[in-house]
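Worksheet: one structure, shown below.
There are 2 protein chains.
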Amino acid sequence: MKTLTTLCLALLCMAGLPAQTISGFGPGEAQKQLELESRFDAQLSADNLDAWMERMAARPHWVGTEAGAEVARWMRDQFESWGYEARIDTYQVLFPYPKIRLLELTEPTQYTASLTAVPVEGDPYTEQGDALLPSYNAFSRDGDVEAELVFVNYGVPGDYEELEKLGIDVKGKIVIAKYYGSWRGIKPKLAAEKGAIGCIIYSDPKDDGFYQGDVYPKGAFKNATGVQRGSVMDMPLYPGDVLTPGYGATADASRLEREEAPTITKIPVLPISYADAEPLLQALQGPVAPDAWRGALPITYHIGPGPAKVRLKLEFEWKLQPAHNVIATLKGSKYPDQWVIRGNHHDAWVHGAADPVSGMVALMEEARAVGMLARKGQRPKRTLVYCGWDAEEPGLIGSTEWVEDHLEELKQKTVVYINTDGNGRGFLGAGGSHSLQSMVAEVAASVADPQTGVSVKERQAAQNLVSGGDGSFELYALGSGSDYTPFIQHAGIASLNLGYGGENAGGEYHTIYDTYTHYKRFKDPDMSYGVALAKTAGRITLRLANADVLPLDFGPWHQTLSKYLKEVMETAVSMREDALKHNELIDKKAYSLAADPRKSQAAPTKKTPAPFLDFSPLQNALASLQKEVDAFAEKDLNGLPEAKKTALNVLLMHAEQQLTSEDGLPRRGWYRHQIYAPGFYTGYGVKTLPGVREAIEQENWEEAQQQIGKLAGTLTRMKTYLQKMNAITP
Amino acid sequence: MKTLTTLCLALLCMAGLPAQTISGFGPGEAQKQLELESRFDAQLSADNLDAWMERMAARPHWVGTEAGAEVARWMRDQFESWGYEARIDTYQVLFPYPKIRLLELTEPTQYTASLTAVPVEGDPYTEQGDALLPSYNAFSRDGDVEAELVFVNYGVPGDYEELEKLGIDVKGKIVIAKYYGSWRGIKPKLAAEKGAIGCIIYSDPKDDGFYQGDVYPKGAFKNATGVQRGSVMDMPLYPGDVLTPGYGATADASRLEREEAPTITKIPVLPISYADAEPLLQALQGPVAPDAWRGALPITYHIGPGPAKVRLKLEFEWKLQPAHNVIATLKGSKYPDQWVIRGNHHDAWVHGAADPVSGMVALMEEARAVGMLARKGQRPKRTLVYCGWDAEEPGLIGSTEWVEDHLEELKQKTVVYINTDGNGRGFLGAGGSHSLQSMVAEVAASVADPQTGVSVKERQAAQNLVSGGDGSFELYALGSGSDYTPFIQHAGIASLNLGYGGENAGGEYHTIYDTYTHYKRFKDPDMSYGVALAKTAGRITLRLANADVLPLDFGPWHQTLSKYLKEVMETAVSMREDALKHNELIDKKAYSLAADPRKSQAAPTKKTPAPFLDFSPLQNALASLQKEVDAFAEKDLNGLPEAKKTALNVLLMHAEQQLTSEDGLPRRGWYRHQIYAPGFYTGYGVKTLPGVREAIEQENWEEAQQQIGKLAGTLTRMKTYLQKMNAITP
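The following block contains the structure:
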């Protein structure tokens with residue numbers, strides 16, 4: 257029966273392909289690869305994912321816990337049992353544990369925040385009481401402050417502009433900001449820049465609670481007591497261990513003093529539930545918040561400042577903790593020094609069934625299947641490295657330290673890094689280096705969606721069409737928020753981030769409710785999307801591992817870059833037009849005449865209109881790149897002799913590194929990629945062409961022009977690099 | 257001192273004018289008119305408005321109450337004391353008074369709605385207990401129904417399309433709809449068309465409660481117990497007395513049987529507070545409502561149907577009640593048979609300090625000042641008719657019956673009808689016939705805004721600029737919602753509607769909280785905008801009364817019509833494109849593939865794409881109208897001899913009537929105007945070029961083409977009419 261099943265699966269799989277070709281493979285090799293992929297599929301078992309999730313998410317296992325170390329050891333043993341060389345690479349990283357958490361409303365009434373999420377009926381994991389990590393924001397500094405409260409919406413730059421218009425200053429105040437609207441770490445960073453002395457972050461039920469759907473345990477959403485934990489380390493400066501910027505946090509590494517560490521927040525920060533936020537917000541007076549700021553609590557949202565006054569006292573135990581990265585290697589049969597790296601983190605804020613275990617078990621099942629095939633003689637040509645990262649939650653620490661520690665070797669040997677993290681039911685989401693877009697699209701067309709039976713590419717296209725798009729397949733650009741960051745943004749390694757979702761919304765993220773019970777009810781009950789993820793990431797991994805010529809396609813990459821340049825140019829123009837329009841309205845006294853005299857508002861001040869920037873260096877660089885991109889697309893790669901293929905592959909695997917600069921982005925040299933970076937004031941949210949774009953957004957025109965020149969230089973070097981590749985001819 | 261004050265005021269007023277010219281007046285006459293206007297201004301006293309509001313809003317005074325009759329008699333006496341011939345024209349109109357109001361949640365839990373707004377501290381008017389009219393929707397039919405509940409958002413056509421997509425049918429159910437999103441009467445009308453057997457309307461705190469601002473008595477907004485009363489008569493069919501469609505409800509008029517009256521609702525309807533709505537909505541299950549449907553109650557909004565089941569029992573006392581219209585006339589010195597009519601209603605749902613008394617007292621102060629000037633020898637050339645309408649609230653009844661009763665005389669003699677209603681603080685809002693746009697803009701430029709000192713036109717322009725507009729002055733098109741409707745839409749009399757607002761938001765509308773106390777705290781505390789309204793409406797009235805040549809300008813009218821035609825043509829195109837796109841997505845299975853298989857959804861069905869309509873008759877009619885409009889604009893009107901001016905005026909005052917048709921709009925012949933009508937499915941909201949636009953929106957393509965022909969005929973007749981005016985030459 258086995259052969260028949262395999263054949264059927266193979267036929268099923270091939271049915272999804274437009275033709276029996278795969279980028280990077282000659283015709284005969286493609287056929288072999290497709291057969292390999294169907295045998296790979298046949299190995300995958302949803303039951304394994306289910307059993308492993310139940311085991312790995314049984315106990316809270318944040319970095320430094322015995323539960324976490326035990327998970328790492330067990331994973332290592334699993335990989336070994338599947339034929340991998342597996343080890344644990346441990347780093348010693350600073351990690352704060354909350355000792356004192358006090359939040360009180362002291363005026364005009366008294367209220368002490370409970371800071372405790374309640375256990376719920378039907379989910380025994382939520383009853384583990386003291387074993388649960390108290391809710392907090394890691395890398396908040398210690399502090400004891402008391403001041404009037406100000407509601408600052410999401411606490412992002414636009415919100416402070418709005419406050420300025422209203423004449424409200426947060427200097428010396430404690431701000432309360434909603435989660436969402438930016439990565440959480442932006443909120444205390446910006447609040448401190450504006451002079452606030454403390455920061456409270458809460459989950460508003462509009463974004464993350466009953467407004468979205470029934471709350472846990474009736475439904476999947478956040479109940480009144482749930483609190484989102486999370487790091488507030490200044491990751492846009494650099495992620496990873498706060499004491500060892502740019503190098504591995506080995507046991508004997510030299511370390512900054514904690515007081516010097518620039519990525520610890522400047523003010524104390526605490527996350528709270530909406531049950532704890534309501535009395536605080538209710539006690540505010542002052543202007544009614546703008547419509548877009550109001551949440552779903554049954555109150556009138558006022559901004560303050562005061563009369564509400566709060567005291568926030570936080571004290572942490574600051575200790576070095578061991579971060580255990582599990583590293584499992586399967587040496588390549590033909591190119592052992594060319595590595596395809598797959599990673600997912602294993603540490604969780606609490607149980608972490610969804611985040612990260614759902615992605616981790618898919619990775620493990622993928623690795624197990626690959627190991628089985630290798631044992632049966634189908635060892636991949638390139639080396640595979642499967643990684644289980646520790647300490648991702650507090651700030652991508654495990655992966656960052658490992659990448660920093662092995663930087664030169666990784667830059668030399670890595671073909672691609674493929675990341676996964678939490679996974680759920682729905683649509684394929686794929687982000688990454690745009691030279692990989694075509695090959696990911698090919699893979700997406702060959703994986704069947706578990707619910708509808710069409711390919712996951714077709715299902716994603718349907719969603720895109722219904723949302724008004726043109727149904728085309730595109731990778732999103734990578735900002736930050738998971739372990740791809742050190743690979744792509746620091747090491748310049750082409751990277752991907754993969755996951756399914758969109759039909760598994762809930763409020764469990766980083767709370768005590770992210771449990772196996774919750775996952776099985778609301779996320780991916782039969783683990784079929786976990787299997788789909790293993791198929792998707794597994795195919796990508798295996799194709800990159802076995803390709804005759806690495807399947808990089810610079811056409812979509814060039815198109816995407818051109819689109820980014822257009823956006824940036826339009827931003828500069830519209831900022832100029834907006835400033836001119838704004839100044840004209842001031843000249844016409846329109847703001848003052850339109851304002852309600854009974855509401856206090858600050859007089860608007862004139863803006864300096866953006867000068868006309870010279871974008872021609874970038875336009876010319878992209879235009880001359882176009883020729884080389886077209887020439888490469890026309891090459892008959894299959895016709896190259898073996899040795900030239902090998903030479904070309906060495907160039908291809910280092911192409912992404914041409915897009916980095918040694919000195920990195922202004923004021924944050926750790927970020928070396930010139931095309932993708934997390935935003936300095938968005939956190940996770942990506943800024944493409946970041947040097948140019950952020951200088952424009954921050955109205956630093958001189959720097960914008962410099963960065964245009966720098967980026968044009970990078971693209972010109974890329975052109976030369978492509979010329980080198982084009983020079984390889986039969 | 258008096259002369260000096262007058263002179264200063266005159267200078268102040270003139271300073272706002274670009275030049276000492278006024279449309280419709282020769283140079284010398286313009287000067288006299290400006291002097292008259294400054295004397296008029298000098299007469300106006302905010303104290304009068306204040307004292308009269310306190311008196312008129314002292315007691316609830318809905319139609320048929322002794323308090324209402326007393327207010328009418330007192331107003332009549334006031335007008336008489338100012339030199340007017342004043343009378344009360346009484347009609348006998350059907351008016352329902354609520355005897356039984358019962359709303360119970362019967363499953364899965366029990367709750368009986370309180371249906372009672374609470375008195376509040378600091379506002380003695382809210383404590384009048386039994387004197388207050390119980391909250392209800394006038395012209396709901398009697399009924400006693402029990403069924404499962406369905407939440408239908410605002411209960412407008414788009415909401416039922418959404419329900420259809422979700423596979424939810426309201427047949428045999430009771431619907432609960434939020435106020436807003438349409439005029440309230442649309443909700444039961446549409447619900448009945450869809451097969452529902454009962455309708456509950458509630459004020460969601462998102463639109464009308466704590467979400468908007470602090471609630472009464474702390475702030476101006478609706479507290480949890482406030483209920484908006486209001487008529488649900490099918491006014492888009494015909495307004496006014498339900499038993500006497502198209503003719504006056506005189507004591508001896510023939511009347512329909514109540515059972516035959518087509519404008520009484522087909523199902524029982526009751527308005528409730530958000531305190532009463534919360535238990536009902538909370539008891540619903542079924543799909544979570546789409547994001548745009550969710551309000552500000554602290555619940556997850558589900559659609560149902562059920563398990564919530566409600567019983568709704570309503571019984572009314574149906575009686576003929578006397579509606580007392582106060583009619584005060586000041587005979588014109590030169591053209592007694594040319595009438596400028598000013599009107600505002602005097603009946604209120606409860607005390608009605610804002611609605612309608614704030615507008616009524618401005619009208620009265622205007623009339624008093626005009627009366628004073630007339631006594632001093634400055635009697636207007638044309639006849640002024642000041643009207644205080646009764647029974648506006650239940651369905652524009654007083655004004656409609658009066659217009660129907662005097663239809664031929666009014667069509668013959670009326671120059672313009674100028675309406676006001678509730679007034680507040682902020683910006684001038686002016687709607688009406690676009691041939692009056694230029695003259696209203698001239699007046700707006702000559703009235704000073706009380707808070708900023710610039711002209712009300714300049715302040716409105718500032719607001720428009722800040723909101724992204726170009727700062728130009730435009731009249732909005734009249735739909736329905738106040739007493740201009742019978743004048744413009746039935747009689748074809750050029751009309752205006754004027755009021756200030758935008759800085760007086762609150763939740764008192766049609767509740768027990770619309771009191772003098774509330775008005776003085778939150779609306780127009782010093783009555784300065786009441787005075788501004790008297791100045792604005794007074795100038796318009798006096799200019800129309802004294803103009804040598806009536807200041808109608810067909811240029812803006814033609815431009816506005818061209819804009820409407822463009823909109824309608826674009827609607828047809830985009831409906832076609834949307835249908836084609838929709839059908840393409842069905843062909844591609846995009847909807848079914850994008851849908852979450854765990855959520856029940858109805859399979860979308862294909863749409864018939866709009867055919868290409870022949871708009872050329874309208875385009876040609878507008879093009880040939882353009883020539884006549886231009887020719888009229890170039891005429892030297894001042895150069896006409898007196899007799900020809902008189903002849904021209906007679907044509908001008910009947911110009912608007914050329915835009916009506918005797919047989920009216922399809923299926924609602926009462927509405928005769930071919931350019932403006934309230935929407936059949938929006939209620940108050942205007943539909944311009946209604947015959948064509950609504951046929952297109954309702955996908956009745958044959959009728960759309962017919963209506964294009966009909967409207968083109970109307971415009972061609974208007975061209976001939978303008979030719980007649982252009983033929984009058986010196």
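Just so you know, the protein sequences line up as chains A and B, in that order. Quick note: the first sequence, position 411, residue 667 per our numbering, numbers continuous. Quick note: the second sequence, position 163, residue 419 per our numbering, numbers continuous. Every residue, glycine too, gets a C-beta built ideally from N, C-alpha and C.
Listed in chain order, the positions of the stretch 826-847 of chain A with a beta carbon within less than 8 Å of a beta carbon of chain B are Leu-841, Lys-844, Lys-845, Ala-846 and Tyr-847. Within the DSSP bridge table, the entry for Gln-348 of chain A names A:Pro-578 as partners. Chain B places a beta carbon closer than 8 Å to that of Pro-853 of chain A, counting this residue as a contact.
Residues of the same chain with a CB within less than 6 Å of the CB of Val-626 of chain A, apart from the 5 flanking positions on each side, do not exist. Comparing alpha-carbon positions, the option among B:Pro-535, B:Trp-813, B:Glu-341 and B:Ala-866 lying closest to Ala-828 of chain B turns out to be B:Ala-866. Against chain B, a Cβ distance below 8 Å from Glu-759 of chain A picks out Asp-852 and Arg-854. Within 7 Å of the CB of Arg-777 of chain A, no CB atom of chain B is found; the nearest one sits about 12 Å away. Only residues of its own chain outside the window of five on either side were considered, and among them Pro-473 have a CB closer than 8 Å to the CB of Glu-377 of chain A, listed in chain order. With its beta carbon less than 8 Å from one in chain A, Leu-849 of chain B belongs to the interface. With a 10 Å radius around the Cβ and a threshold of 16 neighbouring Cβ atoms, Lys-975 of chain B comes out buried. At a beta-carbon threshold of 7 Å, the residues of chain A lying near Ile-555 of chain B are Phe-466, ordered along the chain. Using a Cβ-Cβ cut-off of 8 Å, Glu-730 of chain B does not count as an interface residue toward chain A, since no Cβ of chain A sits closer than that to its own.
Residue contact check for Val-710 of chain A against chain B: a CB pair falls below 8 Å. DSSP, read as helix, strand or coil, puts Gly-688 of chain B in strand. Within the model, the alpha-carbon separation for Gly-562 of chain B versus Lys-355 of chain B is close to 28 Å. Here the C-alpha atom of Ala-533 of chain A lies approximately 24 Å from the C-alpha atom of Ile-520 of chain A. Residue contact with chain A for Leu-422 of chain B: absent (no Cβ-Cβ distance below 8 Å to any residue of chain A).
Of all residues in the stretch 677-711 of chain B, only Gln-707, Thr-708 and Val-710 come within less than 7 Å of chain A when Cβ atoms are compared, listed by chain position. In the three-state DSSP reduction, Leu-721 of chain B falls in the helix class (H, G or I).
For Asp-809 of chain B, the number of other beta carbons within 10 angstroms of its own is at least 16, and it is reported as buried. If you draw a straight line from the Cα of Ala-960 of chain A to the Cα of Arg-949 of chain A, it is about 8 Å long. Cβ contact annotation for Asp-739 of chain B (same chain, cutoff 7 Å, sequence separation greater than five): Gly-599, His-601, Trp-645, Glu-648, Leu-652, Ser-655 and Asn-675, in chain order. Going by beta carbons, Gly-482 of chain A and Gly-763 of chain A fall inside the 8 Å limit.
Along the stretch 432-445 of chain B, there is no position whose C-beta sits under 9 Å from a C-beta of chain A. Restricting attention to A:Asp-661, A:Leu-371, A:Tyr-673 and A:Pro-650, the CA atom closest to the CA of Cys-643 of chain A is found in A:Tyr-673. For Pro-413 of chain A, the enclosing alpha helix (DSSP H) has its first and last residue at 413-421. As computed with DSSP, Lys-565 of chain B is found in a beta bridge with B:Glu-363 and B:Glu-404.
Taking 8 Å as the cut-off, the Cβ atoms of Pro-524 of chain B and Gly-454 of chain B count as close. Of B:Ser-301, B:Gly-284 and B:Thr-277, the smallest CA-CA separation from Asp-782 of chain B is found for B:Ser-301. Under DSSP, the beta-bridge partners assigned to His-601 of chain B are B:Trp-645. Classified as buried, Lys-478 of chain A has 16 or more neighbouring CB atoms from the shown chains inside 10 Å of its CB.
Interface flag for Asp-782 of chain A against chain B is unset, since no Cβ pair is found closer than 8 Å. For the set A:Leu-446, A:Ser-459 and A:Gly-324, the Cα lying nearest the Cα of His-766 of chain A is the one of A:Ser-459.
The distance from the Cβ of Gly-748 of chain A to that of Gln-913 of chain A is about 4 Å, consistent with a contact at the 8 Å cut-off. Taking a Cβ-Cβ threshold of 7 Å, the residues of chain A close to Leu-721 of chain B are Leu-841, Lys-844 and Ala-846, in chain order. Under the 10 Å beta carbon count, Thr-368 of chain B is surrounded by fewer than 16 other beta carbons and is classified as exposed.
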